[in-house]
Amino acid sequence: MTVSFELSLLADLTEQQRALVLELPRGQRLERVAEFLKLELPVVFARLVADTGLPEVPPERFDLERLGTTPVRLVNEYHCVPVRPAPGEDADPAAIALATGWPPESPMDEWVYAATGLEPRWHLALPDKLAKFITQNLGVGAESLDASADASGLADQSREDEAEDENAAVIRFVNQVVAQAIADGATDIHFEPQEETLRIRYRIDGLLVAVPVPENLERFQDAITSRLKIMAKLNISERRLPQDGRINYKVGANTLDIRLSTIPTIYGESVSLRLLNKKSQPLSLEQLGMGADEREKIASVLNLPHGIVLVTGPTGSGKSTTLNAFLREINSTSRRIITIEDPIEYEVPGVNQMQVRSEIGLGFAEGLRHILRQDPNVIMVGEIRDRDTADIAIRASLTGHLVFSTIHTNDAPGAITRLTDMGIEPFLIASGVELVIAQRLVRRLCQQCRRFEPVGYTTLLDSLAVLELPPGSAAGVTELPIPVGCEHCRGMGYRGRVGIFEILRIGEHLHDLIVRRESARAIRKVGLEHGMQTLGQSGWKQVRAGLTSLEEIVRVVSMSEGK
Numbered sequence: 298m299t300v301s302f303e304l305s306l307l308a309d310l311t312e313q314q315r316a317l318v319l320e321l322p323r324g325q326r327l328e329r330v331a332e333f334l335k336l337e338l339p340v341v342f343a344r345l346v347a348d349t350g351l352p353e354v355p356p357e358r359f360d361l362e363r364l365g366t367t368p369v370r371l372v373n374e375y376h377c378v379p380v381r382p383a384p385g386e387d388a389d390p391a392a393i394a395l396a397t398g399w400p401p402e403s404p405m406d407e408w409v410y411a412a413t414g415l416e417p418r419w420h421l422a423l424p425d426k427l428a429k430f431i432t433q434n435l436g437v438g439a440e441s442l443d444a445s446a447d448a449s450g451l452a453d454q455s456r457e458d459e460a461e462d463e464n465a466a467v468i469r470f471v472n473q474v475v476a477q478a479i480a481d482g483a484t485d486i487h488f489e490p491q492e493e494t495l496r497i498r499y500r501i502d503g504l505l506v507a508v509p510v511p512e513n514l515e516r517f518q519d520a521i522t523s524r525l526k527i528m529a530k531l532n533i534s535e536r537r538l539p540q541d542g543r544i545n546y547k548v549g550a551n552t553l554d555i556r557l558s559t560i561p562t563i564y565g566e567s568v569s570l571r572l573l574n575k576k577s578q579p580l581s582l583e584q585l586g587m588g589a590d591e592r593e594k595i596a597s598v599l600n601l602p603h604g605i606v607l608v609t610g611p612t613g614s615g616k617s618t619t620l621n622a623f624l625r626e627i628n629s630t631s632r633r634i635i636t637i638e639d640p641i642e643y644e645v646p647g648v649n650q651m652q653v654r655s656e657i658g659l660g661f662a663e664g665l666r667h668i669l670r671q672d673p674n675v676i677m678v679g680e681i682r683d684r685d686t687a688d689i690a691i692r693a694s695l696t697g698h699l700v701f702s703t704i705h706t707n708d709a710p711g712a713i714t715r716l717t718d719m720g721i722e723p724f725l726i727a728s729g730v731e732l733v734i735a736q737r738l739v740r741r742l743c744q745q746c747r748r749f750e751p752v753g754y755t756t757l758l759d760s761l762a763v764l765e766l767p768p769g770s771a772a773g774v775t776e777l778p779i780p781v782g783c784e785h786c787r788g789m790g791y792r793g794r795v796g797i798f799e800i801l802r803i804g805e806h807l808h809d810l811i812v813r814r815e816s817a818r819a820i821r822k823v824g825l826e827h828g829m830q831t832l833g834q835s836g837w838k839q840v841r842a843g844l845t846s847l848e849e850i851v852r853v854v855s856m857s858e859g860k
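Numbering-wise (the working numbering), the sequence shown opens with residue 298 and increments by one.
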């Protein structure tokens, strides 16, 4: 019989805090206690072990084979997993060893015995290790769909009650998928119908990661899609045409702006969610990964009274984050700053931010025209998509305004030729554009587990050649950082991302080439002769600083140049 434990941890909390902790699901209690006590989770866990006297068990002893025969509802409700005997220890055929993250209460013994016919033997394990094991092996939200499946099998339950149970289960499941994505730092969630299942993938640090899902997920595919469309206020009966919508999703004190898109596929509707947190912590130029020399080049332009600064790169390369860092660098009470964005990804105190509303005719060009009547000093245009927006932005930069914007090209010189292709007069481009920055995001090495290893000279030269760096760049380099993988980085070896930047200053040396409509290749050649920094050079600096791996830089730069 389980005893009632006297927990010194709870004695250190206020009465209100204790009540809040005990109202939480068992798997979340210890983390909240650590938050209240302002202590690290392992420290609090050690105190819990001391309070209870229950044996601590490492994740290596979690029993995957027995997990498959343990009721899913029991695993999730009690946040517990079966445990293998320690080396040299014999298993008791009349008992089941279970690890949990919070001390058990007496009713748990009764439920375990009723579900398994075995007496429980309780152990303690870190809640985050338990959660990871459960999610990896049973799938995200397994308890929600399992509960619905159990309920639908009851003979004395009406069809109406079954439908209500299934709806509630699907709502819980969708919420858990989104919550897990937020916890993992995902920027996108993809629900992709396959022939025999519904695949769910997160985009984390720029790469797609498959999410473990419950085995019975296919049965709920249509209900999940309908739930997502209802949240975005879309037409659930229209399955033949693509649809776009938005969801305001509350997470604690924050509200996520989720952009939802559906397209019809042969096995059903594919649904993609882009997660945008307006309250995300903004990054400085240094946090973006810019070195002192890069920040100095940019600062000289940000302090100009007029001109246009363009940031270019593919979708998801951090262009908007960089523009917002620029705004924070120059934001002051003496400057009137107005932006038009789609969407507003970061809220900047003191800046007047306007959201594009295409459905009512408020696009970038229309908004920009109105901004110019508002006596701005600095204007940020989320993206230059067409000739009208480009023409107004360029002319604004020539009439006493500092303008920031983004444009889609592969490299910095390509931004100049792209504007020309849009129909902008080359002499206006040469006079208005002050700086073009092409950027990419590369995965940041996990600082908890990275290590430095010797590198072969020939291998190093081959990689530097891909980055278009001279052999002299290898001078004195005998070892480089590599990814390893640990719990902190989900075994990937990388955690988070850092920027690499190609910086092209537009000056007199490029004026005639632009006016003559020379190619991006010609502009690049002259730019390099006058000190233009390339993506390869920027990436090599990040490798030498131990922030990323040479393999990662080669991968990203090769993709950028189509090699």
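Quick reminder that beta carbons are idealized off the backbone N, C-alpha and C, glycines included.
Computed from a predicted structure; not experimentally measured.
Using only the alpha-carbon positions, how far apart do residue i and residue j sit?
i	j	result
T612	G503	10 Å
I641	G720	28 Å
I560	R737	28 Å
P382	A392	11 Å
L580	Y410	53 Å
E826	D481	43 Å
G697	N674	8 Å
G324	V840	39 Å
L327	D554	30 Å
R861	L742	Residue 861 cannot be examined here, being either before or after the span of the chain that is shown, 298 to 860.
E535	L495	19 Å
E312	F333	12 Å
L538	I691	38 Å
V823	P768	21 Å
V648	V678	13 Å
F359	S770	48 Å
A772	L757	10 Å
S523	V471	11 Å
Starting from residue i, trace the beta strand (DSSP E) in both directions and tell me its first and last residue.
i	result
G542	Q540 to V548
S569	G565 to N574
S702	L699 to I704
T559	N551 to T562
L620	Counting along the chain, L620 falls outside any beta strand (DSSP E), though it belongs to the alpha helix (DSSP H) covering K616 to I627.
P710	Counting along the chain, P710 falls outside any beta strand (DSSP E), though it belongs to the alpha helix (DSSP H) covering A709 to D718.
H785	Unbroken run through H785: none, as it is neither H nor E.
V506	L504 to A507
Is DSSP giving residue i helix, strand or coil here?
i	result
V474	helix
R748	strand
E663	helix
Y791	strand
F342	helix
V853	helix
N373	helix
G604	strand
W399	coil
A735	strand
N674	coil
V409	helix
V653	coil
Can you give me the Cβ contacts of residue i inside the same chain, cut-off strictly under 6 Å, excluding the 5 residues immediately before and after it?
i	result
G788	G782
I800	K594, I734 and Q830
L525	V568
M888	Any question about residue 888 goes unanswered here, given that the chain covers just 298 to 860.
Is residue i buried or exposed, if buried means 16 or more other CB atoms sit within 10 Å of its CB?
i	result
G658	exposed
M856	exposed
Q671	exposed
G436	buried
H376	buried
K426	buried
N545	exposed
D809	exposed
G414	exposed
Could you please give the first and the last residue of the uninterrupted alpha helix (DSSP H) stretch that includes residue i?
i	result
P424	P424 to L435
Y499	Unbroken run through Y499 is the beta strand (DSSP E), L495 to I501; no alpha helix (DSSP H).
P352	That residue, P352, is in no alpha helix (DSSP H); it is neither H nor E in DSSP.
P723	P723 to G729
Using C-beta distances below 8 Å, list every residue in its chain close to residue i, excluding the 5 sequence neighbours before and after it, in chain order.
i	result
L766	G833, Q834 and W837
Q518	P490, L495 and G565
E493	E515
V598	G604, V606, E731, L732 and R802
With a threshold of 9 Å between beta carbons, is residue i in contact with chain B?
i	result
T397	Absence of chain B from the displayed structure is noted, only one protein chain being present.
To which residues of the same chain is residue i closer than 7 Å at the C-beta, ignoring the five residues directly before and after it?
i	result
L847	S760, L777 and V840
V548	I479
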